[in-house]
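Inspection log for the structure reproduced underneath, given as structure tokens.
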Amino acid sequence: MAKQAKNQLDRAEELIARGALIEATHLLSAERASESANPRELVLTSRLMGLRGRHADARELLDRALRLDPENVDALTERARLAVRLGDDPGADGWFERAYRHGAPGDDWMVDWIDVLLRLGKFDAARDIATVRCERAPDQAGPWFRLGLAHQQARHQLQALDAYRHAIRIEPKTPMLRNNMGAAHLELKQFDDAKAVLTQALEDDPDNALAWSNLATTLLKTGEVADSLVAAERACALAPNYPTALQTYSYVLREHQQWDEALAIAQRALELEPQNMSLVWTVAMLQLMRGDYQNGWSRHEARWQGSPELRGISHNLPAPQWNGESLAGKTILIWGEQGNGDVLQFVRFVPAISERVRREGGKIVYCCFSNLMPLLERSVGDVVESVVPHDQRPLPAFDYHLPLCSLPFALGVRLEHLPGRTSYLRADVEKVRMWRDRCESGAGLKVGLAWSGSRNHQRNPMRSVDPVELASVLKTIPGVQFYSLQLDADEEADRARDAGLRLVDHTGEFESFDDTAAFVQSLDLVVTVCTSVAHLAGGLGVPTWVLLDVNPHWVWMTGRSDSPWYPSVRLYRQNTYGDWSSALGELSGDLRALAQHHQAEAPETETHGAL
1 MAKQAKNQLD RAEELIARGA LIEATHLLSA ERASESANPR ELVLTSRLMG LRGRHADARE
61 LLDRALRLDP ENVDALTERA RLAVRLGDDP GADGWFERAY RHGAPGDDWM VDWIDVLLRL
121 GKFDAARDIA TVRCERAPDQ AGPWFRLGLA HQQARHQLQA LDAYRHAIRI EPKTPMLRNN
181 MGAAHLELKQ FDDAKAVLTQ ALEDDPDNAL AWSNLATTLL KTGEVADSLV AAERACALAP
241 NYPTALQTYS YVLREHQQWD EALAIAQRAL ELEPQNMSLV WTVAMLQLMR GDYQNGWSRH
301 EARWQGSPEL RGISHNLPAP QWNGESLAGK TILIWGEQGN GDVLQFVRFV PAISERVRRE
361 GGKIVYCCFS NLMPLLERSV GDVVESVVPH DQRPLPAFDY HLPLCSLPFA LGVRLEHLPG
421 RTSYLRADVE KVRMWRDRCE SGAGLKVGLA WSGSRNHQRN PMRSVDPVEL ASVLKTIPGV
481 QFYSLQLDAD EEADRARDAG LRLVDHTGEF ESFDDTAAFV QSLDLVVTVC TSVAHLAGGL
541 GVPTWVLLDV NPHWVWMTGR SDSPWYPSVR LYRQNTYGDW SSALGELSGD LRALAQHHQA
601 EAPETETHGA L
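No gaps in the numbering here: position 142 of the sequence shown is 142 in full-length UniProt numbering, and each next residue is one more.
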């Protein structure tokens, strides 16, 4: 009798496995199982009920099985799978953990558990379980793929690629495998490898929307912007409601200067996934670029979760962020964030917030990057209680904090009412006089040059100008003495000189940003790409000409040659991605005219000073 029952259960399990549910139902019934004391019958019948959508019956049968045998691993894993079908991933995680704790063998249920952990964002746990499964079944591609995915979600791209290579050796056609490898190469800035593997992914599956989207991003990175548009459009044609593809398409449209379309596409993606902070950030950047500060500043607050450069950075400050609470008798710490350029741009708002805080009876302490201390202490020190360096420990006591770039949101800043429209940074007067004396150039126009931003910035290859190309259009302009503002760039400065540019370099004498500010203040004109030098010169009120690539920082907006942020700034924009010829041609013509005008007005008695 027992053997017959076992054979019947074996047969039922086989039928369920191949989807023959009608035949399996002839062998198993919920009514009979509810009276059974056989855990295996209860588990199999529960599985059958679950596949038929009778989840309440399935749960009752499993609960009965677990009352009979609380450590029955089949019942525990089936209970976890039922939780998955019911959309209860946290519950499923608990049941799978109990099964694992009770020594369940490394069967396929572990793969289901890894999937649950990945959906829950428990990437370290997913990695640990995937590692165990790979050790137990090293010849199965699925666990290796999931191990790679766990590493990738934790941003461990090299480890992800190692796991993916194991999977591809076992089963090259694993769905999404090559796409994920391409995405890992993309994160590692291995763009040629990314392009190659994504191209192969699309040969295997031409309708893979995510692979098309990743290829679009890769082609942007390699400068193939026309091809990137094709890839982005194909991704969205395949998956018109896929937020990631829409976001990529928005990025591509920006490089093609289709601003309104880029914003509309990004907003569509955000409607589909309103809690996605990366999409909030994407929309914010476009709104600010278009001058919509009312909406842009509020979404700009998503930068700590949405910006690729800032995502995951912890503040670790011992007080809450200020959200408009009364500051009577309170001290608020305003602290500089991101890069030097951001601080130089946004520090203009400190006097305005200081006025508000003092009116309420509070105090402000400004926490500053150490390299900017002398300049900013001189510029805003008279409107705050104190200026302290970032690395000072302990910091002065404070009740609230606020990141510097949150000030426009807190102040309700609008484009037409920007504080600090005139010069708001103050260079050291004595240092300025010293540099003017040293660099007095007679009738010559003194022009500072910066051709590159930070080499670590993701857009630096697009926003920088080759110093040789810059030299080729400037070297023939008479009546100008050029000075390098490019720090730690001796080799590049030599290349510019070899190309014929009259370039003097005093940057080796700059010991702080304060020295740079004084030198910039002593010049007649600054010519720069989008970097901190542009914000420094603009904040000092020095005439500044800024070269901009087709998709510039949002502060420069679109379609205009002036800047509401800096009245002394003139903008020269690329017309075509990667092509500086038109912008440099316009700038060099204007510089030639300015030099001629300067020379015509210079007193005949001026003589050249020491360089």
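Glycine included, C-beta positions come from ideal geometry on N, C-alpha and C.
Query raised in the report: Which residues in the same chain have their Cβ closer than 7 Å to the Cβ of Q267, if we skip the five residues on either side of it in sequence?
Result: For Q267, where only same-chain residues beyond five positions count, the Cβ hits under 7 Å are V283.
Query - Identity of the residues DSSP links to Q458 by a beta bridge - result: For Q458, which the question treats as bridged, DSSP gives no partner whatsoever.
Query raised in the report: Three-state secondary structure (DSSP) at D10?
Result: Three-state result, D10: helix.
Query raised in the report: Nearest-angstrom Cα distance between A610 and L158?
Result: The pLDDT assigned to A610 is 33, lower than 50, so where the model puts this residue is not dependable; a value taken from the coordinates is nonetheless given after this. Their Cα atoms are separated by approximately 54 Å.
Requested in this report: Per DSSP, which residues does G448 bridge with? Please list them.
Outcome: Per the DSSP secondary-structure output, G448 pairs in a beta bridge with Y483, V526.
Report task. May I ask you to check if the CB of D128 is nearer than 8 Å to at least one heavy atom of the ligand SAH? Result -> The ligand SAH is not among the ligands present in this structure, which contains no ligands whatsoever.
**Report entry** Three-state secondary structure (DSSP) of I168
**Finding:** Helix, per DSSP.
Requested in this report: Measure the beta-carbon distance from C368 to V383 and round it to whole angstroms, keeping in mind my assumption that it falls under 8 Å.
Outcome: Contact flag wrong, Cβ pair sits at about 14 Å.
Query raised in the report: DSSP three-state call for S406: helix, strand or coil?
Result: Three-state DSSP puts S406 in a helix.
Report task. Assign K189 to buried or exposed, taking buried as 16 or more other Cβ atoms, counted over all protein chains shown, within 10 Å of its Cβ. Result -> Around the beta carbon of K189, a 10 Å sphere encloses fewer than 16 other beta carbons of the protein chains shown; the residue is thus reported as exposed.
Query raised in the report: What residues in its chain sit with their C-beta under 7 Å from that of A65, if we drop five residues either side in the sequence?
Result: Spatial neighbours of A65 in its own chain (CB-CB distance under 7 Å, excluding positions within 5 residues in sequence) are listed in chain order as P39, L42, V43, N72, A75.
Requested in this report: Could you pull the start and end residues of the beta strand (DSSP E) that C368 belongs to?
Outcome: That run of the beta strand (DSSP E) goes 363-368.
Query raised in the report: Quick one: what does DSSP say W281 is sitting in, helix, strand or coil?
Result: DSSP places W281 in helix when its eight states are reduced to three.
Query raised in the report: Hey, Y251 and L210: beta-carbon distance below 9 Å or not?
Result: Taking 9 Å as the Cβ cut-off, Y251 and L210 do not qualify as a contacting pair.
Query raised in the report: If you check the beta carbons only, do G223 and Y577 fall under 9 Å apart?
Result: Yes.
Requested in this report: Return the bridge partner residues of R573 from the DSSP annotation.
Outcome: L548.
Report task. Give the secondary structure of Y566 by DSSP, where H, G and I count as helix, E and B as strand, and everything else as coil. Result -> Y566 falls in the coil class under three-state DSSP.
Report task. Taking only the alpha-carbon atoms, compute the straight-line gap between L272 and T248 and give it to the nearest angstrom. Result -> Going from the Cα of L272 to the Cα of T248 covers about 15 Å.
Query raised in the report: Looking at C-beta atoms only, is the number of pairs between the stretch 432-449 and the stretch 474-487 that lie closer than 8 Å three or more?
Result: Yes, they touch.
**Report entry** Contact set for H151: own chain, Cβ-Cβ below 7 Å, skip 5 residues either direction
**Finding:** Excluding sequence neighbours, H151 sits near R127, Q159, A160, A163.
Query raised in the report: Which one of W95, S563, S588 has the shortest CA to CA distance from A471?
Result: Out of W95, S563, S588, S588 has the C-alpha closest to the C-alpha of A471.
Query raised in the report: V526 and L485: beta carbons closer than 9 Å?
Result: Yes. Within cutoff.
Query raised in the report: Thinking C-alpha only, which one of R414, L310, R165 is nearest D292?
Result: Looking at the Cα atoms, R414 is the closest of the given residues.
Query raised in the report: To which residues does DSSP link Y293 through a beta bridge?
Result: Note: Y293 sits in no beta bridge, so no partner.
Query - Host alpha helix (DSSP H) of L177 (start-end) - result: For L177, the uninterrupted alpha helix (DSSP H) segment begins and ends at 177-187.
Query raised in the report: With a cut-off of 9 Å, does the C-beta of A24 fall near any C-beta of chain C?
Result: Here chain C cannot be found, since the structure has a single protein chain.
Query - Cβ distance (whole Å) where V365 is taken to contact T331 below 8 Å - result: At roughly 6 Å, the Cβ-Cβ gap stays under 8 Å, so V365 and T331 are in contact.
Query raised in the report: For residue 624, which beta-bridge partners are listed by DSSP?
Result: Residue 624 falls outside the range modelled here, since the chain spans only 1 to 611, and no answer is possible.
Requested in this report: Please name the residue or residues paired with Q321 in a DSSP beta bridge.
Outcome: The partner list for Q321 (beta bridge, DSSP) reads H401.
Query raised in the report: Do L327 and V357 have their CB atoms nearer than 9 Å?
Result: For the pair L327 and V357, the CB atoms are nearer than the 9 Å cut-off.
Query raised in the report: Among G339, T507, E261, which has the Cα closest to the Cα of Q287?
Result: The residue with the shortest Cα to Cα distance from Q287 is E261.
Query raised in the report: What is the DSSP secondary structure of V413, counted as helix, strand or coil?
Result: Correct three-state label for V413: coil.
Report task. Using the DSSP secondary-structure output, state which residues sit across from L503 in a beta bridge. Result -> Under DSSP, L503 shares a beta bridge with F482.
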